[in-house]
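As given, the protein sequences belong to chains A and B, one line each in that order.
The numbering of the first sequence is this note's numbering, which starts it at 986 and goes up by one.
The numbering of the second sequence is this note's numbering, which starts it at 40 and goes up by one.
Some notes on the structure that comes next.
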Amino acid sequence: MAKPTQGRSNDESRETTPVAASAQPVTAPPPTTDLERPVARPLKTYAFDPSQGRLLGNQMCINVRYQELDRGPVVRDYGSDAIAIVDYDGANKTWYTPVDLDDPRILIRSGLDPTESDPRFHQQMVYAVVTDTIQHFEAALGRRIHWRRREHIKGGRSVDIRTLNIFPHAMVAANAFYSPDAHGILFGYFRADREDPGRNLPGQTVFTCLSHDIVVHETTHAIIDGIRGHFTEQTNQDVPAFHEGFADIVSLFRHFTHKEALVETIQRTGGALYQHQLQVVAPAAVEGGKPQIVAEIGERNPLVELAQQFGEATGRGRGLREALGTKPGSRDIEKITEPHLRGAILVAAVFDAYFSIYVRRTADLFRIYRAGGGSDRPTDLPSSLAGRLCDEASRTAEQFFRVCVRALDYCPPVDITFGDFLRAVVTADFDLHPADEAGVRDAFMQAFRLRGIVPESASFFSEGAIAWERAESGRYPLVAGLEFGDPNGLTNDQKDINGKALRAYASANAAALGFDPTIEVAVPSFHPVFRINPDGSLRTDMVVELVQRRNVDFDRHGRAMGSFPLRGGATMIVSRPTVDQQPDPTVGAPIRYVIGKHLHGAEGKLREERQRRYAQRLGLLEGSEPRRFRINFAMLHGGL
Amino acid sequence: MAKKASAAGPLRVRMYRVGFGDFFLFTLPSKAGPQHVLIDCGVTKGKTGKGDIGTIKAAVADMAKETGRKLALIIVTHRHMDHIIGFSRCKEEFEQFEVGAIWMPVWETEYEENVQKLQAELTALAFDAGMHLALAADDTPGRAELLAMLENATGHDFLAGGAFGIAGTGGGTNAASLLLLKEGMGVKPTYYHKGQTAKLPKALVDAGLEAEILGPPPVDELAFMKLKDLKKGVGQYLEASERRPGSDGRFLPFAERFIASPDDYPASAFREWVPRGAGARPAPEALQKAVKKLQKAVDDAQPEVLFTAVKALDGFLNNQSLVVLFTFRGKKLLFAGDAQAGNWEYWLYDSDTPVKAPTGELGAEGAQVLGHLDFYKVGHHGSTNATPIAAVEAMNKDFVSMCSTQEGAFGSVENQSEVPRIPLMEALGGKSVVVRSDQIPVKLKGGSVDPVPGSPEEPETPKRGRFELGNCYVDYFL
Chain A
986 MAKPTQGRSN DESRETTPVA ASAQPVTAPP PTTDLERPVA RPLKTYAFDP
1036 SQGRLLGNQM CINVRYQELD RGPVVRDYGS DAIAIVDYDG ANKTWYTPVD
1086 LDDPRILIRS GLDPTESDPR FHQQMVYAVV TDTIQHFEAA LGRRIHWRRR
1136 EHIKGGRSVD IRTLNIFPHA MVAANAFYSP DAHGILFGYF RADREDPGRN
1186 LPGQTVFTCL SHDIVVHETT HAIIDGIRGH FTEQTNQDVP AFHEGFADIV
1236 SLFRHFTHKE ALVETIQRTG GALYQHQLQV VAPAAVEGGK PQIVAEIGER
1286 NPLVELAQQF GEATGRGRGL REALGTKPGS RDIEKITEPH LRGAILVAAV
1336 FDAYFSIYVR RTADLFRIYR AGGGSDRPTD LPSSLAGRLC DEASRTAEQF
1386 FRVCVRALDY CPPVDITFGD FLRAVVTADF DLHPADEAGV RDAFMQAFRL
1436 RGIVPESASF FSEGAIAWER AESGRYPLVA GLEFGDPNGL TNDQKDINGK
1486 ALRAYASANA AALGFDPTIE VAVPSFHPVF RINPDGSLRT DMVVELVQRR
1536 NVDFDRHGRA MGSFPLRGGA TMIVSRPTVD QQPDPTVGAP IRYVIGKHLH
1586 GAEGKLREER QRRYAQRLGL LEGSEPRRFR INFAMLHGGL
Chain B
40 MAKKASAAGP LRVRMYRVGF GDFFLFTLPS KAGPQHVLID CGVTKGKTGK
90 GDIGTIKAAV ADMAKETGRK LALIIVTHRH MDHIIGFSRC KEEFEQFEVG
140 AIWMPVWETE YEENVQKLQA ELTALAFDAG MHLALAADDT PGRAELLAML
190 ENATGHDFLA GGAFGIAGTG GGTNAASLLL LKEGMGVKPT YYHKGQTAKL
240 PKALVDAGLE AEILGPPPVD ELAFMKLKDL KKGVGQYLEA SERRPGSDGR
290 FLPFAERFIA SPDDYPASAF REWVPRGAGA RPAPEALQKA VKKLQKAVDD
340 AQPEVLFTAV KALDGFLNNQ SLVVLFTFRG KKLLFAGDAQ AGNWEYWLYD
390 SDTPVKAPTG ELGAEGAQVL GHLDFYKVGH HGSTNATPIA AVEAMNKDFV
440 SMCSTQEGAF GSVENQSEVP RIPLMEALGG KSVVVRSDQI PVKLKGGSVD
490 PVPGSPEEPE TPKRGRFELG NCYVDYFL
């Protein structure tokens, strides 16, 4: 029997006789038939939630990155962004059958069909939407994310999440929340309001895990907690509001990637995507008369509302929140402290900017359309125009999403405020795209200003003054010994090297960096970021968090009324110099930004007093558990 | 026996010792004879059962005798049991009173349906939570404290069958007290919030009394939203987990065929819960432990929400407190009910947003009120959150503070949540003479109650006025 030849395919088991072999013409070895690893896995989900039925492209297919999965599904890879769907119901102390997404019967039709009655579809949807959200964040950030890393709190519990657990049916509650204690996200299910259930049946079971918006929202909390672990420490009233607002922003921007829904909404708003109401499909037969068929009933614009089914099911009669709730000129920012309402101001500011740019970018299209004799009736947009508007809306949404997400790397590591976020947005966008022909940064600034969101420490209201100050060359010593790694991430050895180098640098240069040199400076995180410059070249930066902390008495006179942690911190952005800029890599890397919040000076005093007052308002004087200063998302989402 | 206030004499604030609760009688001299203002009448036993010392009936009897069953004004700061149970517990006595006026916070109004509905729903939620906890295991974390809060919210003792309409120990319920006050005293209450002008009965105006309403803030949409969210957070959990007679209490969202077990899951599903370094194939025992840890983490999530929901409900009701500043012959007396930070901030600062004055500077009104006090009724029995530190710092010196409380009823020193909070009492002690009700002896025909350990022999002598001890009260004459 002839021996197998080199390059034979794996599934070949045929024996080749010498006669047969000798009869074969001499040819090049056959190409390998190893199959390439798939890039994507298509999975069906709801674009919004079950209440939209099949309308507005509600049943969609997401292409999530291919991962090897165990039943659950559970991501087999122990990557830093791994997730596990575990369907345990704490209310009923029951487990539900896990889905096997590699089952051929499921694979062949891009996942199970959307249904409310099969928990395996729920598991599939949650996996798909969470993974999709992670992917988008990673694309925007230029790196892989990781989940919460623990902070050592004396006397408290430390939580370190390696694999984010997701519980699609964890409890009976009209609630869903990210819980570091549960190492993941818990989704509730509940009965719809009987008196005002909206589009649900009175008393029907509503699953929060089937709301695309809610899944994205909760995932965003978990992601931010991994990027900025101190953003859950309640130091001022913007902190929980920022978490809520940002999570809503991410959920809403995802709406603009649902192409079918986008096209239909464009048609039914005449391109004015920000309108709250869609034009009816069929105008009323009698002007001013009551609708006679469903097609005559007006609907709310799902693109600018969050979690419609949930909101209706809990008797609100509308979605949970909306994109443009706070109008320009509003002074709500001076009065409102409740996190969701305050976060809605941030959402409205971002979406005001987005819609302003969208309108600006599509103005020419409408001019051409009208010049060509286009109708004023909104439902008469030709499909080609609707398609172009859709592309523009989608492209702009993706751009805004990335700007907002990248801005996270330009935020100070502690005590976030809306004003800080505006500064981060302007800086992050300028840093990567100095030219801003579309006026995106100006749109952000104006929209924020009109809602009273202004940076605390900026001297003027101009782009140059609002952006964080870039470090002058030579102001800070070069950072030596850093390993920037590659886009696959740092190895454990590289992480060790970087940790030591950064701690040593922070210690040696504490005062120059704005820290109190008598208090240890910790390095909670650092990560390389890989981005493409406008000229196509690769840029590599290292984003580093530096934080220090001291305990401050609630009572300035030192009586034993307890204390709270006051933190100072700085985000340091270090650039890997190119070979041209710095031929000798051992010399060190320059710092481009030091974005800080200080413990000392006038700023430190102001922050201390603000945090003291805020903690009192929250009733945090009572008790000794250190984690009481952290946002409890279960309570936040339960309105507590 | 205490001296009666004379027409030309000093005003008097009498603090009855009832335990953990407020019962104050404020008496003014006038040409028409002493005019009496009753501010709250309640008690609750607290999480340890030590809060109710069994003297409230005797105290009401004393008050009836002292006033001749005539009250110019009753102020009910808010609807917690430790402020109102005395009314229904001593209903027969109160029904004989002649009352000039009754003031209650705007949250008690009968003239706005949405507010009535909100209060009813808060109470219903409290009942649901109470029932749930009464049936929960004894070792459920925080159970005793939560049940105490829920008893305070309703007047029902859930462990004694309060969920089924049975009143708490000692009799009376919050609902019965409210009914008596709103319908049974011969005068309709007036409901106030900050910004409204208080209308005192003529007798008190003639006596020279003035009153200003400092809290609560006006009713706003936020409260309704928060209630909706509160119900959203725990309402259905309570519904689903209760075990009412005739109900199996289960809410199963899927058909039986989808029910599985942990064995249907791969080991990788539990890797977050196995010790680090256990590898991809942990030992069976380690895996079993991991499954249990995961289950516990999920199981505990809802009770924790419930715990904080009950505390939030307690906080809602406290923040509904009517806060009144009396002025009599230039003397300022502040009765703050159980108002907590949100209620205080509405009048302490020029607006209620910390952003406005992050340096902690009080607004003009707050500074004026706190800088000229003669008397302060310590908020919420001396708990930390009810007298803001900034308020203490702004207070002038040499006034008198009275704190109606009972040590050991709520909170714990270990957790720095004891009521009354010792550092707060010390801080107030630096500015005023503080008299605590639990530090005065009670000597009644039926029995006596000792002061708590460590109490002074008698109250410190104030810079202005004087104290006198009675058989179940202490008087402050000013």
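Heads up, the beta-carbon is just placed ideally off N, CA and C, and yes, glycines get one too.
Quick caveat: nothing in here was measured; it's all calculated off a predicted structure.
What would DSSP say about B:MET143, mapped onto helix, strand or coil? It is a strand residue.
Complete alpha helix (DSSP H) runs within the region 1390 to 1440 of chain A (minimum length 4 residues, chain order): Annotation note: the region 1390 to 1440 of chain A contains the following uninterrupted alpha helix (DSSP H) runs of length 4 or greater, listed N- to C-terminal: 1403 to 1417 and 1425 to 1434.
Between B:VAL99, B:GLY418, B:PHE59 and B:SER471, which has its C-alpha nearest B:ASN357's C-alpha? When only C-alpha atoms are compared, the closest one is B:GLY418.
Is it buried or exposed for A:GLY1586, if we count other Cβ within 10 angstroms and need 16 for buried? With fewer than 16 other Cβ atoms inside 10 Å of its own Cβ, A:GLY1586 counts as exposed.
Measure the CB-CB distance between B:PHE355 and B:LYS86 and report whether it falls below 9 Å. At least 9 Å separates the beta-carbon of B:PHE355 from that of B:LYS86.
Which full runs of the beta strand (DSSP E) of 3+ residues lie inside the region 342 to 420 of chain B, going along the chain? The region 342 to 420 of chain B contains these whole beta strand (DSSP E) runs: 362 to 367, 370 to 374 and 414 to 416.
Just list the alpha helix (DSSP H) runs in the region 1054 to 1116 of chain A, keeping only unbroken ones of 4 residues or longer that don't cross its boundaries, in chain order. Listed in chain order, they are 1089 to 1092.
Strictly below 8 Å CB to CB, what residues from chain A border B:ASN510? What B:ASN510 touches in chain A, judged by beta-carbon distance under 8 Å, is nothing: the nearest beta carbon there is about 34 Å away.
Looking at C-beta atoms only, is the number of pairs between the region 1550 to 1558 of chain A and the region 1234 to 1242 of chain A that lie closer than 8 Å three or more? Because the criterion of three Cβ pairs below 8 Å is not met, the region 1550 to 1558 of chain A and the region 1234 to 1242 of chain A do not touch.
Sub-9 Å separation of B:VAL344 and A:ALA1158 beta-carbons: The Cβ-Cβ distance between B:VAL344 and A:ALA1158 falls below 9 Å.
Just mark B:VAL452 as buried or exposed, buried being the case when its beta carbon has 16 or more other beta carbons within 10 Å. Of the other Cβ atoms in all chains shown, fewer than 16 fall within 10 Å of the Cβ of B:VAL452; this residue is therefore exposed.
Does the distance from the C-beta atom of A:PRO1462 to that of A:ALA1493 stay below 9 Å? Note that the C-beta distance between A:PRO1462 and A:ALA1493 is below 9 Å.
Closer than 7 Å, Cβ to Cβ, to anything on chain B: give me those residues from the region 1160 to 1173 of chain A, in chain order. Those residues of the region 1160 to 1173 of chain A placed with their C-beta closer than 7 Å to a C-beta in chain B are ASN1160, SER1164, ASP1166, ALA1167, HIS1168 and LEU1171, ordered along the chain.
Would the region 1446 to 1454 of chain A and the region 1320 to 1330 of chain A be scored as touching if the rule is three or more Cβ pairs under 8 Å? Verdict: no, contact absent.
Just to confirm the assignment: which complete alpha helix (DSSP H) runs, minimum length 4, are found wholly within the region 1026 to 1050 of chain A? Runs found: none.
Helix or strand or just coil, what does DSSP make of A:SER1007? For A:SER1007, the predicted structure reports a pLDDT of 47, less than 50, and the residue's modelled location is therefore unreliable. A value from the coordinates is still provided. Of the three classes helix, strand and coil, the one that applies to A:SER1007 here is helix, per DSSP.
Just curious, the alpha helix (DSSP H) that A:ARG1595 is in, first and last residue? Where A:ARG1595 is concerned, the enclosing alpha helix (DSSP H) starts and stops at 1586 to 1602.
Can you tell me where the alpha helix (DSSP H) with B:PHE133 in it begins and where it stops? Per DSSP, the continuous alpha helix (DSSP H) segment holding B:PHE133 begins and ends at 130 to 133.
Sheet register partners of B:ILE298 (DSSP bridge): Paired residue(s): A:TYR1081.
When DSSP builds the beta bridges, which residues end up paired with A:SER1548? Per DSSP, A:ASP1538.
Going by DSSP in three states, A:VAL1388 sits in which element: helix, strand or coil? A:VAL1388 sits in a helix when the DSSP states are folded into three classes.
Roughly how far, in whole angstroms, is the beta-carbon of B:LEU253 from the beta-carbon of B:LEU239, given that I think they are within contact range, below 8 Å? Not confirmed; about 15 Å, so no contact.
From A:GLY1057 to A:ALA1069, what does the alpha carbon distance come to, in whole angstroms? Note on geometry: alpha-carbon atoms of A:GLY1057 and A:ALA1069 lie some 7 Å from one another.
Take the Cβ of A:LYS1078 as the centre, count every other Cβ of all protein chains shown within 10 Å, and call the residue buried at 16 or more, exposed below. Around the CB of A:LYS1078, fewer than 16 other CB atoms lie within 10 Å, so the residue is classed as exposed.
Could you work out which residues of chain B lie near A:THR1190, taking near to mean beta carbons separated by less than 7 Å? Those within 7 Å of A:THR1190 in chain B are PRO292.
Under 9 Å, CB to CB, which of the residues in the region 304 to 322 of chain B have a partner in chain A? So the list reads TYR304, PRO305, ALA306, SER307, ALA308, PHE309, ARG310, GLU311, TRP312, ARG315 and ALA319, given in the order they occur along the chain.
Counting only Cβ pairs nearer than 7 Å, list the residues of chain B close to A:SER1442. Correct list: empty, because the minimum Cβ distance to chain B is about 13 Å.
Rounded to the nearest angstrom, how far is the Cβ of A:TYR1031 from that of A:PRO1099, given a contact under 8 Å? Yes, A:TYR1031 and A:PRO1099 are in contact; Cβ-Cβ is about 6 Å, under 8 Å.
Is any beta-carbon of chain A found at less than 9 Å from that of B:SER422? Yes, because at least one Cβ of chain A sits closer than 9 Å to the Cβ of B:SER422.
Between B:GLU446 and B:ILE479, what straight-line distance do the alpha-carbon atoms span, to the nearest angstrom? Roughly 12 Å between the two C-alpha positions.
Excluding the 5 residues flanking B:LEU412 on each side, which residues of the same chain have their C-beta closer than 7 Å to its C-beta? Apart from the 5 residues on each side of it in sequence, B:LEU412 sits with its Cβ closer than 7 Å to the Cβ of LYS371, LEU373, MET434, ASN435 and PHE438 in its chain, given in chain order.
Which residues in chain A have a C-beta closer than 9 Å to the C-beta of B:PHE59? List them in chain order. B:PHE59 does not reach chain A, its nearest Cβ partner there being about 16 Å away, counting only Cβ pairs nearer than 9 Å.
At the level of alpha carbons, what is the spacing between B:THR116 and B:VAL363? Roughly 9 Å between the two C-alpha positions.
Along chain B, which residues have their Cβ under 8 Å away from the Cβ of A:PHE1539? Residues of chain B whose Cβ lies closer than 8 Å to the Cβ of A:PHE1539 are, in chain order, ILE428.
Please confirm whether A:HIS1418 has its beta-carbon closer than 9 Å to some beta-carbon of chain B. The beta carbon of A:HIS1418 does not come within 9 Å of any beta carbon belonging to chain B, so the residue lies off that interface.
Using 8 Å for Cβ pairs, my map puts A:GLN1219 next to A:ARG1524. What's the rounded Cβ distance? In this structure A:GLN1219 does not touch A:ARG1524 by the C-beta definition: roughly 35 Å separates them, more than the 8 Å allowed.
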